[in-house]
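The structure under discussion appears below in the form of structure tokens.
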Amino acid sequence: MPVLPTAFSPAVITRLALANVVANGAIVVTGGVVRLTGSGLGCPTWPRCTADSFVTTPEMAGHGLIEFGNRLLTFVLTAVAVAVLVAVWRSPRRDLRPLAVLTFLGIPVQAAIGGVTVLTGLNPWTVAVHFLVSTLLVAVSTVLWLRSREPGVGRPVVRRPIALLAGGIAAVTAVVLALGTVVTGSGPHSGDLDDAGVPTGDRMGFDPETVSRLHADAVFLLVGLTIALLVALYATDAPDRVRRAARDVLVVQLLQGVVGFVQYFTHLPVVLVLLHMLGAVLVTAYTARLVWSVRGPATGQPLDAAAVPATAAR
Numbered sequence: 019m020p021v022l023p024t025a026f027s028p029a030v031i032t033r034l035a036l037a038n039v040v041a042n043g044a045i046v047v048t049g050g051v052v053r054l055t056g057s058g059l060g061c062p063t064w065p066r067c068t069a070d071s072f073v074t075t076p077e078m079a080g081h082g083l084i085e086f087g088n089r090l091l092t093f094v095l096t097a098v099a100v101a102v103l104v105a106v107w108r109s110p111r112r113d114l115r116p117l118a119v120l121t122f123l124g125i126p127v128q129a130a131i132g133g134v135t136v137l138t139g140l141n142p143w144t145v146a147v148h149f150l151v152s153t154l155l156v157a158v159s160t161v162l163w164l165r166s167r168e169p170g171v172g173r174p175v176v177r178r179p180i181a182l183l184a185g186g187i188a189a190v191t192a193v194v195l196a197l198g199t200v201v202t203g204s205g206p207h208s209g210d211l212d213d214a215g216v217p218t219g220d221r222m223g224f225d226p227e228t229v230s231r232l233h234a235d236a237v238f239l240l241v242g243l244t245i246a247l248l249v250a251l252y253a254t255d256a257p258d259r260v261r262r263a264a265r266d267v268l269v270v271q272l273l274q275g276v277v278g279f280v281q282y283f284t285h286l287p288v289v290l291v292l293l294h295m296l297g298a299v300l301v302t303a304y305t306a307r308l309v310w311s312v313r314g315p316a317t318g319q320p321l322d323a324a325a326v327p328a329t330a331a332r
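Just so we're aligned, residue 19 is where the sequence shown starts under this note's numbering, counting upward by one.
Okay, here's the thing in structure tokens:
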């Protein structure tokens with residue numbers, strides 16, 4: 019039996035943490051493939067794929083393969099999350115342990131939500147929760163990866179109002195994502211097909227145009243807040259790590275907005291909807307990076323460090 023090392027190097031932890039980010043993002047995208055191909059009930063029960071089999075059967079054809087493939091990816095994600103948890107626990111980085119535990123515990127939680135989703139015939143609200151929990155795991159795993167690249171968490175590197183604005187952007191991002199699930203649940207891509215092979219659609223009962231406009235308004239607010247943050251960062255000569263994070267998240271937001279508007283006016287082609295889901299993953303990850311950036315590494319100096327000697331000299 020192989021013997022695990024007593025401690026893992028920072029480089030190994032960082033690589034595993036990055037793999038965790040990629041795996042969490044990939045399962046969101048493959049979940050989008052399940053929804054967009056109408057394969058949500060390709061495996062009509064849970065935890066088995068059929069009443070008599072844990073795996074897909076030839077009779078279930080392509081939809082069964084797509085849904086079962088998404089379930090298999092959960093095992094890959096589990097292996098990566100376990101590896102991260104073990105590596106972090108065998109390192110001196112105690113500050114990473116809560117994040118590693120959260121990314122690991124999120125997997126059984128997601129499995130349970132996924133099971134409820136299947137057993138309730140793709141209830142649109144549980145589908146939405148399933149997606150939102152996935153984005154939360156993307157955010158947590160992103161912060162874990164970024165923190166693993168530095169020796170520890172230090173003091174804030176921006177003033178409190180700016181840090182609060184960054185937190186507000188994260189909160190509005192969560193609202194935008196939540197509204198996005200309502201738009202999807204009110205549109206044609208419900209994740210299942212009717213007996214004639216046509217997407218069932220509009221499972222939440224809201225007017226698609228109304229919720230789409232509400233979603234767009236939230237996006238405009240989000241972009242406006244991000245621009246305001248970027249102006250404030252340059253006006254106060256904030257550290258480059260924060261300015262770069264704000265600039266990058268704004269670019270990703272704008273690209274995601276363009277994809278969103280194009281897919282809306284082209285009547286939601288599958289390729290663009292899937293690209294929009296990938297964009298949601300990227301927006302989540304880059305927003306998490308923005309929140310992470312407002313605190314420096316453990317070896318960094320606090321924002322008002324220069325004022326300390328002057329105060330002590332009095």
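Heads up, the beta-carbon is just placed ideally off N, CA and C, and yes, glycines get one too. This one's a predicted model, so the numbers in the text were calculated from it and none came from an experiment.
The beta carbon of S311 is closer than 6 Å to those of R259, V260 and A263 in its chain, skipping five residues each way along the sequence.
Counting only runs of 4+ residues, the alpha helix (DSSP H) found wholly inside the stretch 233-288 occupies 258-283, in chain order. The bridge partners DSSP lists for P174 are R313.
Straight-line measurement puts the Cα of G170 at about 20 Å from the Cα of A101. The stretch 112-184 is shown to contain whole beta strand (DSSP E) runs of 3 or more residues at 171-174, in chain order. The continuous stretches of alpha helix (DSSP H) do not include T63, and DSSP gives it neither H nor E. The stretch 42-60 makes contact with the stretch 156-170, as at least three CB pairs between them are under 8 Å. For A118, the closest alpha carbon among the candidates L162, V127, G223 and L137 is that of L162.
Under the 8 Å Cβ criterion, the stretch 48-57 counts as touching the stretch 286-293, having at least three qualifying pairs. In the structure shown, G205 falls within a coil segment according to DSSP collapsed to helix, strand and coil. A straight-line Cα-Cα distance of about 13 Å links D113 and A105. Using a Cβ distance threshold of 9 Å, N38 and T121 count as a contacting pair. The beta carbon of I180 sits closer than 6 Å to those of A250, all from its chain and outside the five residues before and after it, given in chain order. Its Cα nearest to that of T138, the residue T63 stands out among A236, L240 and T63. One thing to note: L247 has its Cβ no nearer than 9 Å to the Cβ of L197.
For a cut-off of 8 Å, the C-beta gap from G82 to G60 is around 4 Å, short enough to register as a contact. The three-state reading of DSSP puts A25 in coil, since its state is none of H, G, I, E or B. Taking the Cα positions, S109 is about 6 Å away from F26. In the displayed model, L308 falls within a helix according to three-state DSSP.
Secondary structure at S230: helix, using DSSP grouped into helix, strand and coil.
Contact between T317 and G172 holds, since their C-beta atoms are separated by about 7 Å, short of 8 Å.
In the three-state reduction of the DSSP assignment, V291 falls in the helix class. Taking a contact to require three or more Cβ pairs closer than 8 Å, the stretch 122-135 and the stretch 269-277 do not qualify as touching.
L90 carries a helical assignment under DSSP once its states are collapsed to helix, strand and coil.
In summary, I187 is buried, with 16 or more beta-carbon neighbours lying within 10 Å of its beta-carbon over all protein chains present.
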